[in-house]
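Visitor: Below you will find the structure I want to go over with you.
There are 2 protein chains.
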Amino acid sequence: METYTEKTQVHVAAEQIRTLILDGTYRPGQPLRQEALSERLKVSRTPLRHALQSLAEEGLVETVGFKGARVARPDPNMVRDLFDMRLLLEPLALKSAVAHHTKLDFARAEMALDAADTERDPHRLSQRNWEFHHALYRPSDRPTLMRTIEQLNRASAFAEAIAKSIVIRSEKSAAEHRELLEACRNGDMDGAILHLTKHLQLAYHDIQNLEY
Amino acid sequence: METYTEKTQVHVAAEQIRTLILDGTYRPGQPLRQEALSERLKVSRTPLRHALQSLAEEGLVETVGFKGARVARPDPNMVRDLFDMRLLLEPLALKSAVAHHTKLDFARAEMALDAADTERDPHRLSQRNWEFHHALYRPSDRPTLMRTIEQLNRASAFAEAIAKSIVIRSEKSAAEHRELLEACRNGDMDGAILHLTKHLQLAYHDIQNLEY
DNA sequence: GTTTCCATAATTGTATCCAATTATGCAAAC
DNA sequence: GTTTGCATAATTGGATACAATTATGGAAAC
Numbered sequence: 001m002e003t004y005t006e007k008t009q010v011h012v013a014a015e016q017i018r019t020l021i022l023d024g025t026y027r028p029g030q031p032l033r034q035e036a037l038s039e040r041l042k043v044s045r046t047p048l049r050h051a052l053q054s055l056a057e058e059g060l061v062e063t064v065g066f067k068g069a070r071v072a073r074p075d076p077n078m079v080r081d082l083f084d085m086r087l088l089l090e091p092l093a094l095k096s097a098v099a100h101h102t103k104l105d106f107a108r109a110e111m112a113l114d115a116a117d118t119e120r121d122p123h124r125l126s127q128r129n130w131e132f133h134h135a136l137y138r139p140s141d142r143p144t145l146m147r148t149i150e151q152l153n154r155a156s157a158f159a160e161a162i163a164k165s166i167v168i169r170s171e172k173s174a175a176e177h178r179e180l181l182e183a184c185r186n187g188d189m190d191g192a193i194l195h196l197t198k199h200l201q202l203a204y205h206d207i208q209n210l211e212y
Numbered sequence: 001m002e003t004y005t006e007k008t009q010v011h012v013a014a015e016q017i018r019t020l021i022l023d024g025t026y027r028p029g030q031p032l033r034q035e036a037l038s039e040r041l042k043v044s045r046t047p048l049r050h051a052l053q054s055l056a057e058e059g060l061v062e063t064v065g066f067k068g069a070r071v072a073r074p075d076p077n078m079v080r081d082l083f084d085m086r087l088l089l090e091p092l093a094l095k096s097a098v099a100h101h102t103k104l105d106f107a108r109a110e111m112a113l114d115a116a117d118t119e120r121d122p123h124r125l126s127q128r129n130w131e132f133h134h135a136l137y138r139p140s141d142r143p144t145l146m147r148t149i150e151q152l153n154r155a156s157a158f159a160e161a162i163a164k165s166i167v168i169r170s171e172k173s174a175a176e177h178r179e180l181l182e183a184c185r186n187g188d189m190d191g192a193i194l195h196l197t198k199h200l201q202l203a204y205h206d207i208q209n210l211e212y
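As given, the protein sequences belong to chains R and C, one line each in that order.
So that you can map any letter, position 182 of the first sequence is 182 in UniProt numbering, and since no number is skipped, the others follow by simple counting.
So that you can map any letter, position 150 of the second sequence is 150 in UniProt numbering, and since no number is skipped, the others follow by simple counting.
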């Protein structure tokens with residue numbers, strides 16, 4: 001019987017910091033001092049630095065030379081770029097996946113939707129949203145493509161959290177998600193891709209109008 | 001007078017390991033023991049671990065729980081996914097950039113081409129290739145898009161190094177590059193995008209036929 | 001009053017040591 | 001002969017101490 005460990009302090013620290021940032025506790029541009037964070041998260045500075053570096057490569061924090069780490073500040077262009085890329089890549093993932101969709105995938109997607117309905121915490125809400133998209137994309141069995149798409153979704157979640165659009169448009173998003181799921185259930189690939197495209201465009205539009 | 005430091009041991013260690021991997025010194029799947037690497041690079045294990053993590057998020061090495069790090073093993077699907085994505089994203093970057101191209105950009109691109117002509121080291125050759133593409137994409141002034149494209153190019157360079165196609169098709173690649181540059185110089189956007197697309201498709205094709 | 005310079009403090013990066021986890025090998029049981 | 005179990009070694013993760021770098025503040029010069 002093989003046993004998995006995986007729970008290294010780096011991951012839990014990264015997850016906690018991620019939550020603090022997406023909750024708005026730490027605002028964009030705010031410096032993240034290692035000693036203070038170390039004390040707050042009850043973790044030594046060594047794994048903390050690893051976590052900060054991980055978040056830096058994820059795009060959530062910026063880290064410079066010997067100056068330290070700050071919460072990243074998303075610019076409007078970033079939002080445009082992210083959605084331009086998602087509009088190109090996610091339809092490809094969906095297209096590759098529809099032929100391999102199973103009832104289990106649909107069940108997973110629906111579970112994520114139901115969980116999202118009763119969720120008000122921004123971070124967990126964005127997690128549910130990703131779980132939904134992930135359930136529909138994953139059957140494509142293209143991990144490299146998935147990896148990039150997940151990165152873009154994480155960054156989008158950050159931008160949406162800043163603009164507070166995640167919670168504001170959660171009902172609209174839920175409706176769009178259910179339409180997309182229904183099209184997938186009916187095996188309507190073209191319709192599904194159309195719904196996905198529309199969903200992304202609407203999300204982009206709403207973020208644009210909220211952020212300054 | 002402000003002075004920049006930036007030269008942290010993590011970066012130099014990461015760069016050295018990157019070179020060792022792309023040179024073929026460390027083969028895919030080979031375990032990377034911290035103590036041995038620490039001794040080889042004359043660096044403590046702490047910054048070394050950071051470098052390994054950085055390379056892991058870059059996709060060059062795989063790192064699991066308490067088991068350690070290994071050189072990543074690219075699968076054929078990864079190559080397909082990478083080029084599918086590049087074929088979607090790089091034309092967008094080029095399209096956004098052509099309107100802002102200056103003589104300086106063309107000069108930079110040509111300098112990269114000339115440097116590539118006399119370069120046989122795989123790692124440096126792939127660096128030159130990226131410098132060329134970077135020179136043509138950068139005027140788009142879309143850093144978030146550039147960031148993702150650079151990640152994909154790094155991963156592609158890894159796959160090409162494994163398949164040894166970087167050096168093998170270097171002359172072909174150079175010719176394609178010069179055609180692309182010429183189209184950009186003439187302000188022929190459609191032609192440039194066509195050349196870029198063809199270039200990526202040919203590179204993909206040649207890798208496919210070389211890897212097993 | 002402003003600027004420059006230097007000393008000091010605050011903060012990050014690195015090295016070393018210890019703890020936790022995993023891999024290895026051998027003996028005993030069946 | 002194979003397998004199970006445990007003891008030991010090898011390796012990674014984490015905590016602490018130290019070194020390097022940057023930021024801060026105040027005095028002196030103009």
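Just so you know, even glycine gets a beta-carbon here, dropped at the ideal spot from N, CA and C.
Since we're looking at a predicted model, the values are computed, not measured.
1) Can you tell which of Leu60/C, Arg33/C, Phe66/C and Ala112/C has its C-alpha closest to the C-alpha of Ser173/C?
2) Which residues of the stretch 77 to 103 of chain C have a Cβ closer than 7 angstroms to any Cβ of chain R? Give them in chain order.
3) Following the continuous beta strand (DSSP E) through Thr63/C, name the residue where it begins and the one where it ends.
4) Quick check: the Cα distance between Phe106/R and Leu136/R, rounded to an integer number of angstroms?
5) What do you get for Phe132/R, buried or exposed, if any count of 16 or more other CB atoms within 10 angstroms of its CB means buried?
6) Using CA atoms only, rank isn't needed, just tell me which of Arg27/R, Ile168/R and Arg169/R is closest to Arg73/R.
7) When Cβ atoms are compared, which residues of the stretch 129 to 151 of chain C fall closer than 7 angstroms to chain R?
8) Helix or strand or just coil, what does DSSP make of Met1/R?
9) Thr117/R to Glu171/R, Cα distance in whole Å?
10) With 16 as the cutoff for other CB atoms within 10 Å, does His195/C come out buried or exposed?
11) Taking 8 angstroms as the CB-CB cut-off, is His50/C touching chain R?
12) Quick check: the stretch 9 to 29 of chain C against the stretch 199 to 207 of chain R, are there 3 or more CB pairs under 8 angstroms?
13) Candidates Arg108/R, Arg45/R, Glu62/R and Asp121/R: which alpha carbon is nearest Arg178/R's?
14) Note down the Cα distance separating Glu57/R from Val71/R, rounded to an integer number of angstroms.
15) Roughly how many angstroms separate the alpha carbons of Met1/C and Lys95/R, rounded to a whole number?
16) Relative to the C-alpha of Leu82/C, which residue among Glu35/R, Met146/R, Ala183/R and Leu37/R is closest?
17) Can you say whether His101/R is buried or exposed, counting buried as having 16 or more other CB atoms within 10 angstroms of its CB?
Guide: Quick look at the numbers:
1) Ala112/C
2) Asn77, Met78, Asp81, Leu82, Asp84, Met85, Leu88, Leu89 and Leu92
3) Val61 to Val64
4) Linking Phe106/R to Leu136/R through their CA atoms gives a straight-line distance of about 7 angstroms.
5) buried
6) Arg27/R
7) Arg142, Thr144, Leu145 and Thr148
8) Because Met1/R sits at a pLDDT of 42, beneath the cut-off of 50, its placement in the model cannot be relied upon, and the following sentence gives the value as read from the coordinates. In the structure shown, Met1/R sits in coil (DSSP, three-state: anything other than H, G, I, E or B).
9) It should be pointed out that residue 117/R corresponds to Asp in this sequence rather than to Thr. Looking at the two C-alpha atoms, the distance is approximately 8 angstroms.
10) buried
11) yes
12) no
13) Arg108/R
14) 12 angstroms
15) For Met1/C, the predicted structure reports a pLDDT of 44, less than 50, and the residue's modelled location is therefore unreliable. A value from the coordinates is still provided. One C-alpha to the other measures close to 55 angstroms.
16) Met146/R
17) buried
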